[in-house]
Structure formats: C-alpha cells, structure tokens
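K.L.:
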Amino acid sequence: MSKGIVFSIEEFAINDGPGIRTAVFLKGCPLRCAWCHNPEGQSFRSEPMRKKDRTEVCGVEMEADELARRVLRGRDLFDQSGGGVTFTGGEPTAQGPFLLELLALLAGVHRAVETCGHTPEPLFRQVLDATDLMLFDVKTADPERHRYYTGVDNALILRNLATLKESGKPFIVRVPLIPGVNDSLENMRATAALLQDAPGLQRVELLRYHKTAGAKYPMVGRRYEPPFDVNATPAVHDAFTPAGMKLLVL
Ligand code: SF4
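Following our numbering, the numbering of the sequence shown begins with 2 at its first residue and continues without gaps.
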C-alpha cells in the first residue's frame with residue numbers, strides 16, 4: 002500500500018465534474034504558474050500555513066486505503082447525484098503510484114482527475130486508462146509564454162493532450178483566463194485549434210482570474226509578485242464557440 006501527501010479533502014464539491022463530488026487535493030506540482038491560487042499545493046512537503054489566529058500544518062501523509070475509505074463515505078451521495086471523486090492539487094499525477102492505487106481502489110465510483118498535463122507519457126496513459134473523466138488545463142498555446150509564466154514549456158503537455166484526444170475518453174478543458182497573458186484572440190484561436198478533432202471533449206471552461214489568488218502566499222512564507230496586471234479585466238472571446246464546443250465562464 003503506498004502513501005501520499007494530501008493537503009485538503011473537500012466534500013460536496015460541485016464544480017469539478019458531474020454531480021456532487023469529493024475533491025481530493027494532492028500536494029506537489031512541477032509547475033509554478035504566476036496566477037496559482039493554491040500555492041500551498043506546490044511544494045511536495047508538508048509546511049506550516051499561518052492563518053490569522055493559528056498556524057496549521059498543510060499536508061498530511063495518508064495511506065491509499067485510508068484515503069479511499071474516506072472517499073467512499075460519500076458513496077450514497079455520489080450514487081444519488083451522479084457524482085464521484087475528483088483528484089486535483091497541486092498536480093495529482095506527480096504522485097503517480099499513489100494516484101494509480103487510489104484510482105484502482107475506487108473502481109466503481111466515478112473518478113475524475115484534474116491535471117496540468119505535465120506528466121511522463123507512460124504514466125499519463127495509465128492514469129487515463131483508470132479515469133472516467135479528465136479535467137485538462139491548457140494555459141497557453143505558445144511554448145515560450147508557457148515557459149515564462151509557468152516554469153515549463155508545453156511540449157509534453159501538448160503530447161499528452163493529443164493522447165487524450167485520440168483516446169476518446171470524456172474530458173473537459175480548463176483555461177485560466179489571465180489578463181495580458183493568454184486572453185488574446187490569437188491565443189484563443191490557437192487553443193481552439195489544438196482542440197479540434199476531439200470526440201471526447203465535453204466543453205471548454207474559462208476560469209476567471211481572481212485577485213484573491215495572492216492572499217495565501219504570505220501564509221506559506223512567500224511573496225506574490227505576478228508579472229501581469231492583476232487589476233486588468235481579461236478579454237473573453239468566442240473563439241471556442243464556432244468549433245461547436247460548449248463554453249462556460251466560471
Ligand atoms: S498547475 Fe495548477 S497547482 Fe500547479 S502551479 Fe499551476 S495553477 Fe498551481
């Protein structure tokens with residue numbers, strides 16, 4: 002039985018796949034997105050998180066079967082609502098063996114995985130096989146901008162996106178809409194082009210940037226100095242709708 006590190010478990014989640022879900026946040030991410038609103042999910046280690054009146058430990062080690070039992074407490078609700086479990090983070094595939102074990106233990110429950118796609122390709126295929134729905138983040142189509150704003154280019158991400166498209170597996174694309182970073186019509190068209198010929202694509206969700214993203218950084222001892230104007234309003238283009246995709250702005 003493998004162990005992993007978890008920084009939050011949220012029951013009654015309604016924005017991370019169908020129905021009512023339990024969202025499990027696995028700690029650690031290979032990216033450093035300038036707009037990340039979960040900075041406490043980036044490090045692979047537990048760390049102190051200083052809140053107004055107390056300091057909490059962010060990140061606890063759990064065994065896979067212990068966590069699976071915890072998720073299964075919601076099974077009646079999942080069955081009634083058409084929900085299930087969603088693994089997110091951080092980047093859940095960065096704890097590959099732990100995630101794969103959890104997905105196997107929870108077979109029979111609807112399983113979704115939210116990923117940035119920066120995952121070794123063999124592991125990505127294994128996760129895909131064991132998952133009912135993927136929530137795949139696409140930050141920008143431009144490799145240099147991707148590297149500048151997230152710390153990695155998007156070559157591996159785009160290869161995994163191609164694998165996901167070919168698989169026919171249901172998936173939702175999530176695009177964080179960051180003013181001046183990826184909200185140009187040119188980038189939206191390039192992103193929409195990446196999503197052509199994807200029979201499993203259910204919809205594209207544009208996620209609005211929230212200024213409150215910076216609030217948690219001081220809690221984990223970091224400064225928040227994003228290289229974009231946090232007060233600007235991102236543009237919303239209809240680049241996706243001509244492709245016949247459902248567009249949801251959250
Ligand atoms: S991929 Fe997600 S969790 Fe990782 S740094 Fe980017 S926004 Fe944060």
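We treat Cβ as the ideally placed atom computed from N, Cα and C, and that holds for glycine. Keep in mind the model is a prediction, meaning the values are calculated, not measured.
State the Cα-Cα distance for the pair Arg126 and Gln43, rounded to the nearest angstrom.
P.N.:
23 Å
K.L.:
Under the DSSP definition of a beta bridge, which residues are partnered with Lys4?
P.N.:
Glu64
K.L.:
What's the C-alpha gap between Met63 and Met2?
P.N.:
When rounded, the distance between both Cα atoms is 10 Å.
K.L.:
Rounded to whole angstroms, what's the CA-CA distance from Pro228 to Asn155? Just pull it up for me.
P.N.:
19 Å
K.L.:
For Ala199 and Lys53, what's the separation of their Cα atoms in angstroms?
P.N.:
46 Å
K.L.:
Between which two residues does the alpha helix (DSSP H) containing Ile254 stretch?
P.N.:
As shown, the chain starts at 2 and ends at 251. That puts residue 254 outside it, with no answer to give.
K.L.:
Can Ala131 and Leu106 be called in contact, C-beta distance under 8 Å?
P.N.:
no
K.L.:
Name the DSSP bridge partner or partners of Thr9?
P.N.:
This sequence places Ser at residue 9; Thr is not what is there. DSSP, once it has assigned bridges, lists Phe26 as partnering Ser9.
K.L.:
Looking at Arg175 and Leu136, is the spacing between their C-beta atoms short of 8 Å?
P.N.:
yes
K.L.:
Report yes or no: do the region 12 to 25 and the region 184 to 201 share at least 3 C-beta pairs separated by less than 8 Å?
P.N.:
In short, these stretches do not touch, since the Cβ pair count stays below three.
K.L.:
Note down the Cα distance separating Glu226 from Pro180, rounded to an integer number of angstroms.
P.N.:
Glu226 and Pro180 have their C-alpha atoms some 15 Å from each other.
K.L.:
Along the alpha helix (DSSP H) that carries Met220, what are the first and last residues, could you check?
P.N.:
Met220 -> no alpha helix (DSSP H), and no H or E assigned at all.
K.L.:
Would you mind working out which of Gly91, Thr192, Leu186 and Ala233 sits nearest Ala24, comparing C-alpha positions?
P.N.:
Ranked by how close their Cα comes to the Cα of Ala24, the residues Gly91, Thr192, Leu186 and Ala233 have Gly91 in first place.
K.L.:
Is the beta carbon of Tyr210 closer than 8 Å to that of Pro235?
P.N.:
Against a cut-off of 8 Å, the Cβ pair of Tyr210 and Pro235 comes out as a contact.
K.L.:
Mind checking which residues open and close the beta strand (DSSP E) that includes Thr94?
P.N.:
Taken as a continuous stretch (DSSP letters only), Thr94 belongs to no beta strand (DSSP E), as it is neither H nor E.
K.L.:
Would you report the Cα separation of Cys37 and Leu101, rounded to the nearest angstrom?
P.N.:
Their Cα atoms are separated by approximately 25 Å.
K.L.:
Pull up the distance between the alpha-carbon of Glu12 and that of Gly83, whole angstroms please.
P.N.:
Answer to the nearest angstrom: the Cα atoms are 14 Å apart.
K.L.:
Residues in the same chain with beta-carbon distance under 7 Å from Leu165, minus the five sequence neighbours each way, listed in chain order, please.
P.N.:
Leu129, Met135, Phe137 and Phe172
K.L.:
Going straight from the alpha carbon of Pro49 to that of Val221, what length do you get?
P.N.:
7 Å
K.L.:
Which same chain residues end up closer than 8 Å to Arg224 when comparing Cβ atoms and leaving out the 5 residues on each side of it in sequence?
P.N.:
Tyr218
K.L.:
Please name the residue in Gly215, Asp230 and Thr87 whose C-alpha comes closest to that of Pro40.
P.N.:
Gly215
K.L.:
Just to confirm the assignment, what range does the beta strand (DSSP E) spanning Val174 have?
P.N.:
Note, Val174: beta strand (DSSP E), Phe172 to Leu178.
K.L.:
According to DSSP, what are the bridge partners of Glu115?
P.N.:
Paired residue(s): Leu136.
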